[in-house]
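The opening residue of the sequence shown carries number 2 in the numbering used here; numbering runs sequentially from there.
These notes concern the structure reproduced below.
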Amino acid sequence: AYIVSATSKILIFETGAPPDAPSNLNIIACTNTAVRIGFDPFIEHSAEIITLRVHCESISSKIHTKEIILDLTPDSTEFILSNLIERTDYNLTIYAITDEYLHEIHCRDISQLPKKLKSSYWLTNKSLQFTTSGCEPASQIHITSATIESIQLNWILPKAYGSTKFLGQILYWKLQRGDIEHSMELNCNITNAIIPGILPLGLYKISIVSLFSMKLTLDDEDDETSRKEIRLTTIETTSVRFRLPGLSEKPEIYLTGYTTTTIDLTWNKPNMFSIIDHPERLNQQIKIHRQLIGYRVEINGQKYNNLDKDQYQCTLTECQPGQDYKVQLIVQTIVHNEYIDDIFFNDNENDEEPDETPSKKLYVQMLTNHDFLQSFQANFEFHHNITKENIIQLRNEVKPLGKINVHWTVSNDIEDISHFILQWHSSKDLRLQQKILNNNETTFTIDARDEKHFYIIEIIIVTHDGVKHEHEPLKMPIPGEPDAPKLWLVKTSDSSFVVEWSEPKSYGIPVIGFQLYIEGKQAGDMISVNLHRAEIPSNINRTYQVSVCAITNNPQRSRSVMSQTLSVLTTSTTNPIPTMYCNNNNNNDSSLRSFDRNIVRTIPIQIESINEEKLHIDWTSFLPITEIRAYYIHYNCLNNGDVQNMQVSKRHQNAILRDLRPGFTYEITVVAVDRDGEIVYSSDKNIIQMSAPPNAPIVAIRERTNDHVTLEWRPAPSYGELAVVGYKIYINNRLVAILSHDQLTYTLTNGSACEEYIVHVQALSNDKNISSPMSRGVKFTWPGIKPGVFQRLDDGLTGTVVVAWEHPQLEDETEKLIGFKILSENVTTHVVRLHGEYNADIHQATI
């Protein structure tokens, strides 16, 4: 037992505990390579903090950076980290180190702390993730369209990191051969733009300048004096080209036979040559040569097979009896760019992608196994004893060019068939012919007299009960010689001249080359089919008669008709007045000889305009001293390069040039030649521009928004004494405005969303009877949303209103409809009330 004599006072004490982490850890300021961090103090609990450890490392595994370790005094409330990498995500942790933690990890001093601290109850910490400042310019500029009407582009937005601020964007564009740079300011969230036309053809430099505000010091964030505006530029180039149109004519596909499971097709090679107006140079034309690459056959919109350029027929197999098929032929071609002098028409980016021109769809209904007719087919065969030469010899007797062999098969129910009626006619002679055949006859031959045309052949099966069974007719093209090539002069020099010709349209007989003729005689060997130019050596002051024909691989049609004869005058480029000539009469002496200098070699001429298509040329004051054989009027169109010559008898000293083109400019020279074809007299070159109405304006859309559409056009050029005094605006073929000559824009404000509009502009001249042609129609759809039909469904007796609505139409299919709102208005108080919001897939509501 114990006796308690006294007791002490109760001692109350609290054991130590880990510090509390800071309630706030934040970024005070940040630059591209440094950050200033502030934090509240750690709160101690009877355990003294001996140091603060800061650990910072990059979050990204792709960036190999050294860890940053920084020790701070326990009373620190901010610190700075330097030598960081811009635009990088970091993870920062601040630790409170106590003696208890050091004792736990058996560490005598903070200098022995490892880089990676072991987690512990005594290791209090606070973490923060941040990104260093920096910026990236706009990227991936993509030109979606570049035409004379507009350049359309999109891009990925610039990026701002950390304390960097993205201020805006500026779009610049400049024609590289021009002097003026244009710009357009854009806000921060724009990722696409349209550079409005009308744009000259050429190479454009397009730049997107990204504007940023970047912090340079670690002063307080609100201090704007520590900031600097920087600009980062992204550059792209594109060519505004006039996209050359495809073939001037669509290919035509012919049905030449069918069975219950097959379809026989044939076609002719389309015309590979066309002439178009230059889109920018007034009254100038472009001659386009195309090369055939191949064909593609599609059935019901799906690819069936690809065919070589030399193939002209195809049989579709594995068709289903009784089914309907839509067959289409796609022609693939490329442009011979070497014959187009203007580099802005070359589309190098798309050289490997041929242009495609589709035929009209051919609808074929297959036979069934229950039909009397089981097959109906035809083919063309030349008469091998008929040539072009003996046809000419037998002018008084019409000889067919070949024959069409027609054959058909029928089902086993032949006893039910009385007879066949075969009918045919050609596209040249619509007179219907027919032949009645017995039920045991299944072939017939048709004489094909109409070269370059086609025959439509139809069979009718007549049964014993008098019923006529008609079927799909056949269409058989008849081969023939190619058309005559077109021939024109390209340029002349003192030693040669260059001519160019077109590949003519062929009719089932391939063209394998071309043959030139000079003075009616064959000149050189056959020229390859892919070549369309030839340089011909020449002497000055002479006339040359040049022609060309196409050569085929068919002995019955070995060549085309000869082209028109091109008369070429080789006057000196430096002195058009002849001073010397080349004597070609003596084969042993072809040297140049000088004329008598005492004889004036100039022909004085006067030119008067009769109208916009005719000129009167007069040289009656000219008195030749030497004998001449004839005069030639040489007129060269400076707009399209066409060169023509008109021969005039030596008895006349005036002539009228006809069929000139209004508004075109011509260079006219009159020469006199002797009996050897030498030019002995020549006039000066006279340049005359024909009068013409103003050109059609070139119209483009400048701006298109939900509430207005603005169009603009270039001033329409006029000729001679005519001047443009105004413009008429037509919308959907209705006259809506008449503007003065200096008004080159028009704004529409009353359009309806999703409705289609076509705008034409016509220039008016000071002669009220003369106006320009209509401009090309500019077609567009008005931006916005077109609401569907809104209607009431209930009968009005229940006290509730049930409404339904159709889905609206969006002009921009890339936009997404979010939802609907239903509003009502009191017709007395005009108070508007919202009755609810509905998802985009809901189209009915009860109020």
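Even glycine gets a Cβ: it sits at the ideal position worked out from N, Cα and C.
Source: prediction; values computed, not measured.
I618 sits away from S684, with the two beta carbons spaced by 7 angstroms or more.
Membership of D309 in the beta strand (DSSP E) is indicated by the continuous run Q303 to D309. Contact between G820 and A841 holds: CB atoms are separated by about 5 angstroms, below the 8 angstroms threshold. Counting only runs of 3+ residues, the beta strand (DSSP E) found wholly inside the stretch 32-86 occupies 36-40, 44-46, 50-59, 69-73 and 79-82, in chain order. Between I732 and V760 the beta-carbon gap is near 6 angstroms, inside 8 angstroms, which marks them as a contact. When the beta-carbon positions are compared, P359 and L233 stay at least 7 angstroms from each other. Assigned with DSSP and collapsed to three states, E609 falls in strand. Taking 7 angstroms as the cut-off, the beta carbon of V700 is found closer than this to the beta carbon of S776.
DSSP places E105 inside the alpha helix (DSSP H), whose first and last residues are D100 to E105. In this structure the stretch 150-159 does not lie against the stretch 97-113, because fewer than three pairs of beta carbons, one per stretch, are closer than 8 angstroms. Three or more pairs of CB atoms, one per stretch, sit closer than 8 angstroms, so the stretch 778-792 contacts the stretch 751-759. E15 carries a coil assignment under DSSP once its states are collapsed to helix, strand and coil. For C755, no beta strand (DSSP E) run applies, since DSSP gives it neither H nor E.
A distance of 7 angstroms or more separates the beta carbons of S240 and L212. One Cα belongs to A161, the other to T32, and the distance between them is close to 12 angstroms. Take the alpha-carbon of S134 and the one of V828: they are about 58 angstroms apart. In this structure, DSSP gives T226 a helical state, which the three-state scheme calls helix. Scanning E186, G169, F167 and P201 for the CA closest to the CA of D180 turns up P201. C-alpha of A631 to C-alpha of M527: approximately 33 angstroms in a straight line. For C136, the enclosing beta strand (DSSP E) stretches over residues G135 to E137.
The Cβ-Cβ distance between T132 and D90 falls below 7 angstroms.
Within a 10 Å sphere around the beta-carbon of D466 sit fewer than 16 other beta-carbons, which makes this residue exposed. Contact check for L124 against Y96 passes: the beta carbons are separated by less than 7 angstroms. DSSP links L245 through a beta bridge to no other residue. Inter-segment contact for the stretch 252-265 and the stretch 360-374 is present: three or more beta-carbon pairs are separated by less than 8 angstroms. Contact check for L488 and S564: beta-carbon distance about 4 angstroms, within the 8 angstroms limit, so the pair qualifies. The straight-line gap separating the alpha-carbon atoms of H104 and A22 is approximately 20 angstroms.
According to DSSP, M215 shares a beta bridge with K229. The distance from the Cβ of Y728 to that of S692 is about 21 angstroms, inconsistent with a contact at the 8 angstroms cut-off. Take W174, set aside five residues on each side of it, and the residues of its chain with a beta-carbon closer than 6 angstroms to its own are H183, I196, Y205 and I207, in chain order.
With respect to I669, Y636 sits close: the two C-beta atoms are nearer than 7 angstroms. Burial of I730 is indicated by the presence of at least 16 other C-beta atoms within 10 angstroms of its C-beta. Non-local beta-carbon contacts of K522 in its own chain, meaning distances under 6 angstroms to residues more than five positions away in sequence, are absent.
The stretch 411-429 makes contact with the stretch 455-475, as at least three CB pairs between them are under 8 angstroms. The shortest C-alpha to C-alpha distance from E357 to any of P480, Q333 and L114 is the one to Q333. Secondary structure note for W489: its beta strand (DSSP E) is the uninterrupted segment L488 to T493.
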